[in-house]
Amino acid sequence: MQDAARPTRRPLLGLAAASLASPFLHTGSARAAGFPDRPIRLIIPWAAGGSTDTQMRIMGEIASRHLGQPVVIENKPGARGTFAASILHSQAKPDGYTIGQIHAGVLSHPFMTRSATWDSVNDFTYILGITGYLSGLVVRADAPWQDWKSLMEHMRANPGSVSIGTSGVGGASHLVISQIFGREQVTYLHVPYRGVAETTTALLSGQVQAIADSSGWAPHVEAGRMRILAVWANERPKRFPDAPSIREFGIDVGGIAPYGLAGPKGMDPEVTRILHDAFKAALFDPQHLAVLERYDMPVLYMTGEDYRAWNAARIPVERELIRRLGISFEGG
């Protein structure tokens, strides 16, 4: 979620002692020897062409140079961006050859369904935290609303008339815009899609009147095809200094939540370390940093354990938000 606290960084305590005490140390090292010896599957739970897809593809390409094996991208859009988590939880072997993106929607999903899903803290092996989304509400350049105030005035006068696309029911963008509009006391017509690549296409083609999503829209804003009315951030983005932070309107849902990489529960620590080191090197590679800059995505590096701890601290917030907004699936 975008109103998340900034990630904390804590040292990994007792790792060396735990390793020395482990009776599986030699077995695990034997399993990790030679890893990887075949391609690694990286699942992106969004449609191809969006900001996450672009970022992850470049990162995977760079990481493959350090791993000595290809990182093969597999797009699995839909289900509010939770297909990667579902595959890691219920299908993939914990051998390090299947990994995927984990984001705030993975944390909130279990609270929106009666079906058994996953324990977001304990059912994955967290590899590292990477970056986060700059998100906001964007309209086409020819839209009648020049700023946030004019849109709110129109929505109050015409309840439920403005169609707004997001990356899925119950996804991060849907939850944030629902919070914001609740505080503004306006209603809207929600149109869910399967990622920012689809929402930007929908806006450009006139299927919706606005989108609330991550910064895959940035190139279209720069090209003059779209206009930002507000961003969910603590301050105006350097790249778009004319785009106001939502906090300027007295609404405090600013901040950028991290996302990262994880694998199935029970991965060998040495395999996890190898993946961590390769993707950390890719994270700070100039080629990858240029992609982050293009989409106004900050470096939010965390070790796997720090990222797991951040998620653990965030879960009670997600649970309360879902309860307050009343969002559920499958009759839940």
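As numbered in mature numbering (1 follows the signal peptide of the UniProt record, and there is no 0), residues -32 to -1, 1 to 300 make up the sequence shown, in order. Even for Gly, the Cβ is constructed at its ideal location relative to N, Cα and C. On a predicted model such as this, the values are computed, not experimentally measured, just so you know.
Any idea what DSSP makes of residue i, helix, strand or coil?
i	result
residue 302	Outside the shown range of the chain (-32 to 300) lies residue 302, about which nothing can therefore be said.
P266	coil
Q255	helix
N43	strand
R276	helix
A85	First, the residue type needs correcting, since residue 85 is Thr and not Ala in the sequence shown. Looking at T85 - three-state DSSP - the assignment turns out to be coil, as it is neither helix nor strand.
R6	coil
S131	strand
Q37	coil
I295	coil
Distance, Cα to Cα, residue i vs residue j?
i	j	result
A225	G73	11 Å
M120	N126	10 Å
A230	I98	11 Å
A201	E190	19 Å
W14	T20	7 Å
residue 375	L260	Residue 375 lies beyond the residue range present for the chain, which begins at -32 and ends at 300; the question has no answer from this structure.
V154	G128	8 Å
T22	E166	14 Å
P45	V130	25 Å
D157	A281	According to the sequence provided, residue 157 is Leu. The question's Asp does not apply to it. C-alpha separation (whole angstroms): 32 Å.
S296	F149	18 Å
A53	A277	17 Å
Within this structure, are the beta carbons of residue i and residue j separated by less than 8 Å?
i	j	result
V89	M194	no
H188	L96	no
G28	I11	no
D236	A(-1)	yes
A211	V199	yes
L171	I145	no
I132	V176	yes
R6	T66	no
What residues are listed by DSSP as bridge partners for residue i?
i	result
G100	P226
V107	A178 and R195
T271	L96
I70	G228
I12	N43
Start-end ranges of the beta strand (DSSP E) lying completely within the region 202 to 252, minimum 3 residues: Entirely contained in the region 202 to 252, the beta strand (DSSP E) runs reaching 3 residues are, in chain order, 226 to 232.
Which complete alpha helix (DSSP H) runs does the region 137 to 193 hold, if anything under 4 residues is left out? Entirely contained in the region 137 to 193, the alpha helix (DSSP H) runs reaching 4 residues are, in chain order, 140 to 152, 164 to 172 and 186 to 190.
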